[in-house]
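*Asks:*
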Amino acid sequence: MPINCTEAEWKIMEVLWGKSPRTMAEITRELSPKTGWTRHTVITLLKRMEEKGTVKVDESGPVKTYTPLVTQADASSQQTKKLLSSVFSGKASLLISNLVDSGEITVKEMEELVAMLRKEGK
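The sequence shown lines up with residues 1 to 122 when you count with our numbering.
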């Protein structure tokens, strides 16, 4: 299933990946200081996410709770592939080059990447 989250929905997913199930009030409490979102904004986003199939709602208790239906690893993998395809012509080397040129990657991170590549090559 394609995972198509907006930036706002991604913020909610990160909350749910951190701990779930969560209520709308808990999600709002966690995100409001960073985003300024009200409960109405969170409700709207959660409804949209439920329609997309990225979260499920449990209405069996006194309060609705929300749980992610996709793992963080799957969502990250799909978003990375989407970024590579749309921005870097599907080439990871162009992404890495851009990170190096912009100073977004440290020497230590580069060394970790090289170590991963060597490990995969064996």
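Just so you know, even glycine gets a beta-carbon here, dropped at the ideal spot from N, CA and C.
What are the partner residues of Pro68, as DSSP defines its beta bridges?
*Replies:* To locate residue 68, count along the sequence shown from 1; it is residue 68. Its beta-bridge partners are Val55.
*Asks:* Please tell me whether Arg6 and Thr65 are closer than 7 Å, where the distance is taken between their beta carbons.
*Replies:* The count along the sequence shown starts at 1 and reaches residue 6 at position 6. The count along the sequence shown starts at 1 and reaches residue 65 at position 65. It is Thr, not Arg, that sits at residue 6 in the sequence shown. No, they are not a contact pair.
*Asks:* Go through its chain and collect everything with a Cβ distance to Thr67's Cβ below 6 Å, but skip five positions before and after it.
*Replies:* By 1-based counting over the sequence shown, the position of residue 67 is 67. Closer than 6 Å at the Cβ level, and outside the excluded window around Thr67, lie Ser20, Pro21, Lys56.
*Asks:* How many Å lie between Trp10 and Glu120 at the Cα?
*Replies:* Working through the sequence shown from its first residue, we reach residue 10 at position 10. Working through the sequence shown from its first residue, we reach residue 120 at position 120. Roughly 30 Å separates the two Cα atoms.
*Asks:* If you reduce the DSSP assignment to three classes, tell me which class Thr44 lands in.
*Replies:* Working through the sequence shown from its first residue, we reach residue 44 at position 44. Thr44: helix per DSSP, three-state reduction.
*Asks:* Assuming Trp17 and Gln72 make a contact with CB atoms under 8 Å, what is their CB distance in whole Å?
*Replies:* As a working mapping, residue 17 is identified with position 17 in the sequence shown. As a working mapping, residue 72 is identified with position 72 in the sequence shown. 5 Å between Cβ atoms; contact.
*Asks:* What three-state label does DSSP hand Thr106 in the structure shown?
*Replies:* On the sequence shown, position 106 is the one that residue 106 refers to. The answer is coil: DSSP assigns Thr106 none of H, G, I, E or B.
*Asks:* Using the Cα positions of Lys91 and Lys52, report the straight-line distance between them to the nearest angstrom.
*Replies:* Here the question's residue 91 lines up with position 91 in the sequence shown. Here the question's residue 52 lines up with position 52 in the sequence shown. The alpha-carbon atoms of Lys91 and Lys52 are separated by roughly 29 Å.
*Asks:* Just to confirm my understanding: we take Leu31, look at its own chain, exclude 5 residues before and 5 after, and list those with CB closer than 8 Å. What are they?
*Replies:* Stepping through the sequence shown from its first residue, residue 31 is reached at position 31. Within the same chain, Leu31 has close Cβ partners Lys11, Ile12, Val15, Trp37, Val42.
*Asks:* Rounded to whole angstroms, what is the Cα-Cα separation between Glu111 and Glu104?
*Replies:* Start at 1 with the first residue of the sequence shown, and residue 111 comes out as number 111. Start at 1 with the first residue of the sequence shown, and residue 104 comes out as number 104. Approximately 14 Å, taken between the alpha carbons.
*Asks:* Which partner residues does Arg22 have in the DSSP bridge list?
*Replies:* Position 22 of the sequence shown, counted from the start, is the residue given in the question as residue 22. According to DSSP, which records beta bridges pairwise, Arg22 is partnered with Tyr66.
*Asks:* Give every residue of the same chain whose Cβ lies closer than 7 Å to the Cβ of Val70, excluding the five residues on either side of it in the sequence, and list them in chain order.
*Replies:* As a working mapping, residue 70 is identified with position 70 in the sequence shown. Once the five neighbours on either side are set aside, the close Cβ partners of Val70 are Ile3, Thr54.
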